[in-house]
Amino acid sequence: MIDINYFRRNLNELRESIARKKFSCDLDSLVELDRARRDAISAAETERAGQKSANAEMSQMEKGSPEFLEKVAQMKEIATKVKELETLAKESDEMFQKAFLAVPNLPHQSVPDGKDESDNETVSTWGDAEGDFPHAVPHYDIPWFEKMIDFPRGVKVVGAGFPFYLGDMSKLVRALINFFLEEAGSNGYAEIHSPIVVNSASATATGQLPDKEGMMYLDQNEGVYLIPTAEVPVTNFFRDEIVDGKDLPIKRCAYTPCFRREAGSWGKDVRGLNRLHQFDKVELVKWVHPDESFQHLDSLREDAENLLRKLELPYRVLLICAGDIGFPHSKQYDLEVWAAGQEKWLEVSSCSNFTDFQARRANIRFRGEDGKPRPVHTLNGSALAIPRVLAAILENHLQMDGRVRVPECLRKWFQSEFIGP
RNA sequence: GGAGAGGUGGCAGAGUGGUCGAAUGUGCCUGACUCGAAAUCAGGUGUGCCGCAAGGUACCGGGGGUUCGAAUCCCUCCCUCUCCGCCA
Numbered sequence: 123m124i125d126i127n128y129f130r131r132n133l134n135e136l137r138e139s140i141a142r143k144k145f146s147c148d149l150d151s152l153v154e155l156d157r158a159r160r161d162a163i164s165a166a167e168t169e170r171a172g173q174k175s176a177n178a179e180m181s182q183m184e185k186g187s188p189e190f191l192e193k194v195a196q197m198k199e200i201a202t203k204v205k206e207l208e209t210l211a212k213e214s215d216e217m218f219q220k221a222f223l224a225v226p227n228l229p230h231q232s233v234p235d236g237k238d239e240s241d242n243e244t245v246s247t248w249g250d251a252e253g254d255f256p257h258a259v260p261h262y263d264i265p266w267f268e269k270m271i272d273f274p275r276g277v278k279v280v281g282a283g284f285p286f287y288l289g290d291m292s293k294l295v296r297a298l299i300n301f302f303l304e305e306a307g308s309n310g311y312a313e314i315h316s317p318i319v320v321n322s323a324s325a326t327a328t329g330q331l332p333d334k335e336g337m338m339y340l341d342q343n344e345g346v347y348l349i350p351t352a353e354v355p356v357t358n359f360f361r362d363e364i365v366d367g368k369d370l371p372i373k374r375c376a377y378t379p380c381f382r383r384e385a386g387s388w389g390k391d392v393r394g395l396n397r398l399h400q401f402d403k404v405e406l407v408k409w410v411h412p413d414e415s416f417q418h419l420d421s422l423r424e425d426a427e428n429l430l431r432k433l434e435l436p437y438r439v440l441l442i443c444a445g446d447i448g449f450p451h452s453k454q455y456d457l458e459v460w461a462a463g464q465e466k467w468l469e470v471s472s473c474s475n476f477t478d479f480q481a482r483r484a485n486i487r488f489r490g491e492d493g494k495p496r497p498v499h500t501l502n503g504s505a506l507a508i509p510r511v512l513a514a515i516l517e518n519h520l521q522m523d524g525r526v527r528v529p530e531c532l533r534k535w536f537q538s539e540f541i542g543p
């Protein structure tokens with residue numbers, strides 16, 4: 123949620139920002155709701171103050187005396203009035219809060235205008251992307267692919283989108299996880315191993331609820347959701363807390379499986395490893411001082427980029443335009459790896475600065491120099507999503523002999539130079 | 001899953017219907033004393049909301065109720081602890 127004072131003072135600027143993001147929300151009625159809420163709260167509190175001072179008098183009076191009983195009779199009316207006004211105040215407050223929660227975060231000035239993904243800016247490209255890969259094939263067409271990643275048995279045991287990784291492939295997945303975690307660690311992200319289910323309060327704080335409920339698997343018995351990304355449990359680690367300003371920036375990384383129902387997106391780009399219901403990912407999360415968050419976004423992106431370089435995978439960096447940026451994001455970069463066999467770009471990371479938007483929802487603050495609590499800025503980014511990286515490795519590093527060369531950086535956990543038949 | 005106990009300020013811990021936002025201890029900050037420190041003494045020390053401000057109001061796990069008045073009584077949910085059962 124955005125800063126309410128900003129909303130009150132910069133309505134026109136806010137209107138433009140929302141238009142830039144191609145979101146729509148009725149700011150005029152929001153202004154009215156805010157007005158109504160404040161009036162209702164004032165009215166209720168004034169009445170309540172009167173009731174309290176009368177009660178203070180009564181506490182001095184003799185309990186059963188005629189004056190006392192008379193006062194009780196008088197106060198009954200006021201008590202009813204207070205209750206009514208408090209109910210009204212609560213209702214109008216809730217109405218405002220609900221509407222206010224639907225206001226998207228502001229896109230940063232450096233975010234380009236644009237209507238949708240076609241207007242995203244390619245800010246850099248690394249490696250021999252879209253170059254010459256004469257013998258490349260889509261990873262799912264590699265002859266031994268199905269021997270190492272078993273989709274039919276996944277369908278039997280669970281359903282579509284839950285493959286088994288077998289033998290060396292399983293080992294390669296593990297190597298990637300280890301590589302990503304180790305790199306993150308050496309970049310200053312403290313590793314945490316997190317729950318992979320969360321309650322609705324957590325999912326609301328990071329923005330999955332209420333809008334994107336359909337993306338998550340829900341256990342109705344317990345009222346908990348399977349996480350769509352480690353962002354949710356990791357960011358919520360500090361929910362409703364005030365951290366010491368001296369501890370910022372706080373950097374954490376976590377490996378988790380991620381679960382996405384992907385309802386409605388079936389049928390396209392779903393072959394092989396491109397889109398799964400369960401996948402592994404290492405996530406980087408930062409809590410930083412508001413003055414530094416955009417520098418931190420750049421370094422977060424570089425941390426993710428370095429992984430692709432070490433894996434020798436061509437990639438490009440997209441600066442997401444205002445029209446394509448998500449609801450809670452202020453600025454977002456996507457990293458897309460070149461899949462030489464499919465001849466397309468696969469998104470393997472999304473690095474975002476949420477400024478204080480998530481921090482307000484999650485009520486994560488720090489104590490600044492003046493001793494007053496302020497919302498922190500939160501950032502996160504994938505580093506990286508495993509299956510698509512795996513797809514890119516299989517497609518880009520496929521040899522003439524049909525085997526796939528395993529990048530040097532994984533050798534520590536995957537001892538052989540090649541994977542294949 | 002069964003039985004019992006309990007959730008109060010950074011922490012510990014009083015308070016069972018009436019100036020209680022809450023005693024006391026401790027921690028932390030400031031000042032005094034000191035060459036400095038310790039000890040001691042004095043003062044300060046939560047968060048949100050409404051308000052230009054003065055100030056008001058809310059919060060004693062969450063929600064609801066009773067009452068003129070609730071940290072205190074009732075209902076309900078959540079959580080923690082102890083014992084039993086079950087499982088790893």
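For the first sequence, our numbering assigns the number 123 to the initial residue and increments by one for each residue that follows.
From the three backbone atoms N, C-alpha and C, an ideal C-beta is built for every residue, glycine too.
Going by beta carbons, L207 and A165 fall inside the 8 Å limit. Within the DSSP bridge table, the entry for F449 names no partner. For E189, the enclosing alpha helix (DSSP H) begins and ends at P188 to F222. For the 8 Å CB-CB criterion, H261 and L516 form a contact. A505 is not a Cβ neighbour of S452, given a cutoff of 8 Å. Going by DSSP, R296 is part of the alpha helix (DSSP H) stretching over G289 to S308. Residue range Q400 to V410 is occupied by the beta strand (DSSP E) that includes F401, with no alpha helix (DSSP H) assigned at that position.
Secondary structure of N321 (DSSP, three-state): strand. Taking the CA atoms as reference points, R393 sits about 21 Å from G289.
Straight across, the Cα-Cα distance linking L532 with D456 is about 24 Å. Two segments are said to touch when three or more pairs of C-beta atoms, one from each, lie closer than 8 Å; by this definition the segment 301 to 311 does not touch the segment 351 to 368. Comparing alpha-carbon positions, the option among L520, N127, G503 and M270 lying closest to P285 turns out to be M270. Comparing C-alpha distances from Q330 to each of A251, F449, E458 and W460 shows the shortest one belongs to F449. For the pair V410 and S246, the CB atoms are not nearer than the 8 Å cut-off. Nearest to C375 by C-alpha distance, out of D263, D413, E313 and K403, is E313. Setting aside the 5 residues that flank it on each side, K237 is surrounded in the same chain by G445, each with a C-beta closer than 6 Å to its C-beta; the list follows chain order.
If you compare the alpha carbons of E469, D420, S322 and K432 with that of P509, the shortest gap goes to E469. V259 sits in coil when the DSSP states are folded into three classes, being neither helix nor strand. Its Cα nearest to that of K198, the residue K174 stands out among K174, G503, M337 and I124. With a threshold of 16 other beta carbon atoms within 10 Å, K368 falls short and is exposed.
Under the three-state reduction of DSSP output, N242 falls in the coil class, being neither helix nor strand.
Taken atom to atom, the span from the alpha-carbon of K403 to that of R483 is near 25 Å. In the three-state DSSP reduction, D125 falls in the coil class, being neither helix nor strand. Per DSSP, F479 is one residue of the alpha helix (DSSP H) stretching across F479 to A484. Cβ neighbours of N227 within its own chain (closer than 8 Å, five residues either side excluded): I124, F449, P450, H451, S452, F476, T477 and F479. A Cβ-Cβ distance of about 13 Å is found for the pair F536 and R525, leaving them out of contact under the 8 Å criterion. Shown here for F267: same chain residues with a beta carbon closer than 8 Å to its own, the five before and five after excluded, namely H261, G394 and L516 in chain order. Secondary structure at N177: helix, using DSSP grouped into helix, strand and coil. The Cβ atoms of G503 and L422 sit closer than 8 Å to each other. For N475, the three-state secondary structure derived from DSSP is strand. The C-alpha of N242 lies about 13 Å from the C-alpha of S232.
Going by DSSP, V346 is part of the beta strand (DSSP E) stretching over V346 to L348.
Going by DSSP, K269 is part of the alpha helix (DSSP H) stretching over F267 to M270. Exclusion of the five residues before and after P317 leaves P355 as the residues of its chain whose Cβ lies within less than 6 Å of its Cβ.
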